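A.B. asks:
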Amino acid sequence: MAKIKARKAGEVRRNIRKSLKAVRCSAKPDTVHDLRTGLRRCEALSSQPLPKPVKKLRKQAGRVRDCDVLLRLLDDLDLAKAESAANAHGLNKLRNAISKQRENYARELVSMAAKVSLAKLKKWSRKHVIQPDRGIDGVLSDFHRIVDDSDYCNLGEHNLHDFRLEIKPLRYRAETFKQPQAESIARRLNAMQSAIGDWHDLVLLADFAERVLGEDDSVAVMIHSEVENSYRDCLHTALQQKKALARTKLRLAK
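In this note's numbering, the protein residues as written are 10 to 263.
1) Residues bridged to valine 138 by DSSP?
2) So, is asparagine 199 buried or exposed, given that buried needs 16 or more other C-beta atoms within 10 angstroms?
3) Apart from the five residues on each side of it in sequence, which residues of its chain come closer than 8 Å, Cβ to Cβ, to leucine 59?
4) Mind checking serine 126: buried by the 16 CB within 10 Å criterion, or exposed?
5) The ligand COA and lysine 124: does any heavy atom of the ligand fall closer than 7 Å to the residue's C-beta?
6) Take the Cβ of alanine 247 as the centre, count every other Cβ of all protein chains shown within 10 Å, and call the residue buried at 16 or more, exposed below.
7) Measure the beta-carbon distance from leucine 83 to arginine 104 and round it to whole angstroms, keeping in mind my assumption that it falls under 8 Å.
8) Comparing C-alpha positions only, which one of Asp171, Arg143, Leu80 sits nearest to glutamine 202?
9) How should alanine 218 be labelled, buried or exposed, when 16 other C-beta atoms within 10 angstroms of its C-beta is the threshold for buried?
10) Would you grab the beta carbon distance between cysteine 76 and isoleucine 25 for me? Rounded to a whole angstrom, and I think it's under 8 Å.
11) Find out if the Cβ-Cβ distance for the pair serine 56, histidine 137 is shorter than 8 Å.
12) Is alanine 18 near glutamine 140, with beta carbons less than 8 Å apart?
13) My output table needs one value for arginine 16: the three-state DSSP class, helix, strand or coil.
14) Which same chain residues, not among the five before or five after tryptophan 133, have their C-beta less than 7 Å away from its C-beta?
15) What are the start and end residues of each continuous alpha helix (DSSP H) run of 4 or more residues lying completely inside the stretch 177-223, in chain order?
Here it is in structure tokens:
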């Protein structure tokens with residue numbers, strides 16, 4: 010697993026203002042990703058909900074980012090290898106539809122970013138985006154509170170995405186601590202949420218393909234096959250990391 014960089018609250022605050030300035034100029038994929046991730050980190054470390062205009066901005070950045078991910082998936086899957094005129098036509102039609110939607114979402118995102126006051130965001134974040142007062146034990150306790158919840162005792166297609174949304178803030182909180190065990194915990198949470206996220210991105214692509222091409226189209230069928238393979242992998246990773254974090258809690262409790 011990749012090394013996780015520790016990020017203090019002050020760095021999160023500075024980065025989000027920098028990202029907001031950048032998005033006002035251009036909704037490039039990397040810039041949008043930084044803005045969305047930065048706002049997610051702010052939420053994870055904040056004692057209060059995001060201000061309404063900022064929350065709307067985060068959601069809009071998510072829409073643009075989803076389009077970027079879907080376009081990347083089309084390239085990564087390289088469905089065109091199954092050469093046929095029908096597949097090539099379907100791929101181009103799907104790519105064009107996603108690109109057009111991305112343009113519309115990005116235009117709105119830039120407009121929304123221009124309306125968010127940097128001064129007000131700075132004032133709000135300095136007051137509410139703060140270093141967690143509970144240590145890494147608190148992160149582990151919150152993780153096990155989630156996995157013990159009746160909604161998540163048995164993970165599957167019906168709840169994996171919601172489970173990912175629940176644990177993502179815990180990863181961001183874990184990243185604010187520098188202890189070796191904090192990095193290990195953050196890496197395991199990241200591995201879990203990344204695997205589930207990869208599967209969910211394919212689900213979104215499959216849904217989009219069905220809407221644009223129809224569920225019987227050969228490209229849509231191939232994407233659904235990728236969804237099934239990804240689901241098996243992500244469920245295995247989620248259960249594996251879940252068990253590893255349970256062992257970590259036991260070790261720290263001794």
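For every residue, glycine included, the Cβ atom is placed at its ideal position computed from N, Cα and C.
Values in this document were obtained by computation on a predicted structure and should not be read as measured data.
C.D. replies: Let's see:
1) Within the sequence shown, the letter at position 129 stands for residue 138. Answer by DSSP bridge pairing, in chain order: Ser55.
2) Here residue 199 is taken as the residue at index 190 of the sequence shown, counted from 1. Asparagine 199 comes out buried.
3) In the sequence shown, residue 59 corresponds to position 50, counting from 1. Excluding residues within five positions, the ones whose Cβ falls inside 8 Å are Leu48, Cys51, Glu52, Arg67.
4) Translated into positions along the sequence shown, residue 126 becomes position 117. Answer is exposed; the Cβ neighbour count stays below 16.
5) Among the components modelled here there is no ligand, and therefore nothing to report on the ligand COA.
6) Position 238 of the sequence shown holds residue 247. Classification for alanine 247: buried.
7) In the sequence shown, residue 83 corresponds to position 74, counting from 1. In the sequence shown, residue 104 corresponds to position 95, counting from 1. Yes, they are in contact, since the Cβ atoms of leucine 83 and arginine 104 sit about 6 Å apart, within 8 Å.
8) As a working mapping, residue 202 is identified with position 193 in the sequence shown. Nearest C-alpha to glutamine 202: Asp171.
9) Taking the sequence shown and counting its residues from 1, the one referred to as residue 218 is at position 209. By the 10 Å Cβ count, alanine 218 comes out buried.
10) Reading the sequence shown from its first residue, position 67 is the one you call residue 76. Reading the sequence shown from its first residue, position 16 is the one you call residue 25. At roughly 22 Å, the Cβ-Cβ gap does not stay under 8 Å, so cysteine 76 and isoleucine 25 are not in contact.
11) Counted from its first residue, the sequence shown places residue 56 at position 47. Counted from its first residue, the sequence shown places residue 137 at position 128. The answer is yes: Cβ separation under 8 Å.
12) In the sequence shown, counting from the first residue as 1, residue 18 sits at position 9. In the sequence shown, counting from the first residue as 1, residue 140 sits at position 131. Yes; because the gap between Cβ atoms is below 8 Å, this pair is in contact.
13) Stepping through the sequence shown from its first residue, residue 16 is reached at position 7. Coil.
14) Locating residue 133 in the sequence shown gives position 124, where the first residue counts as 1. Pro60.
15) 189-222
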